[in-house]
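Chemist: Numbering (the numbering used here), first residue to last: 3 to 154.
#1: Is the separation between the beta-carbon of residue 49 and that of residue 38 shorter than 8 Å?
#2: Tell me the start and end of each unbroken alpha helix (DSSP H) in the segment 16 to 42 that is at least 4 residues and wholly inside, in chain order.
#3: Quick check: the Cα distance between residue 135 and residue 28, rounded to an integer number of angstroms?
#4: Residue 106 lies in the alpha helix (DSSP H); which residues open and close that run?
#5: Which residues in the same chain have their Cβ closer than 6 Å to the Cβ of residue 100, if we skip the five residues on either side of it in sequence?
#6: Check this for me: beta carbons of residue 97 and residue 85, under 8 Å apart or not?
#7: Should residue 10 go down as buried or exposed, given a rule of 16 or more other Cβ atoms within 10 Å for buried?
#8: Only counting the same chain, and skipping five residues up and downstream in sequence, which positions put a Cβ closer than 7 Å to that of residue 23?
#9: Could you check whether residue 87 and residue 104 sit closer than 8 Å to each other, using their CB atoms as the reference points?
#10: Taking a contact to mean a Cβ-Cβ separation below 8 Å, would you say residue 127 touches residue 43 in this structure?
And the structure:
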């Protein structure tokens, strides 16, 4: 594992960026998308497409800066919760998934209820995104999905 040092100033700058993205940029882009929708046909609406592209960037950046995601293996229904972290913090046994991992990259732009397929050393695996949040949570042990969730 390569260690990448970070200064306190760098950490604080990333924390401020995350706060701005969540409290200012995300609500602003939601308003911009709503405004663009009022302009008519979405297929030819450049403002709408630009706003959706900006939203995708913001959500991807928020995910890079820290997300917690619970995934359900679509074959076994086993759930696992991961905190997406930088490469130097990754520790899969403790639920910390590197942002550069194939699984984390597959999650970018996805949301709760979406399915992702990832190529693993043991073959392709499909996962359903059960929950996704952008606040720190400890990664609990794996568990089987409840009947209510499995019925979806």
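We put the CB at the ideal spot given by N, CA and C, even for glycine.
Modeler: So, from the listed chains and residues:
#1: Locating residue 49 in the chain shown gives position 47, where the first residue counts as 1. Locating residue 38 in the chain shown gives position 36, where the first residue counts as 1. In this structure, residue 38 lies closer than 8 Å to residue 49 by Cβ.
#2: Those alpha helix (DSSP H) runs which fall completely within the segment 16 to 42 and span 4+ residues are 28 to 39.
#3: Locating residue 135 in the chain shown gives position 133, where the first residue counts as 1. Locating residue 28 in the chain shown gives position 26, where the first residue counts as 1. Rounded to the nearest angstrom, the two C-alpha atoms are 14 Å apart.
#4: Position 104 of the chain shown, counted from the first residue, corresponds to residue 106. First-last of the alpha helix (DSSP H) with residue 106: 104 to 109.
#5: Taking the first residue of the chain shown as position 1, residue 100 is located at position 98. Only 89 and 92 meet the Cβ criterion.
#6: The sequence position of residue 97 within the chain shown is 95, counting from 1. The sequence position of residue 85 within the chain shown is 83, counting from 1. Yes. Within cutoff.
#7: Position 8 of the chain shown, counting from 1, holds the residue named residue 10. The residue in question, residue 10, is exposed, as its Cβ has fewer than 16 Cβ neighbours within 10 Å.
#8: Working through the chain shown from its first residue, we reach residue 23 at position 21. These residues qualify, in order along the chain: 60, 63 and 64.
#9: Here residue 104 corresponds to residue number 102 of the chain shown, with the count starting at 1. Here residue 87 corresponds to residue number 85 of the chain shown, with the count starting at 1. Cβ distance not < 8 Å, so residue 104 and residue 87 don't count as in contact.
#10: Stepping through the chain shown from its first residue, residue 127 is reached at position 125. Stepping through the chain shown from its first residue, residue 43 is reached at position 41. Against a cut-off of 8 Å, the Cβ pair of residue 43 and residue 127 comes out as no contact.
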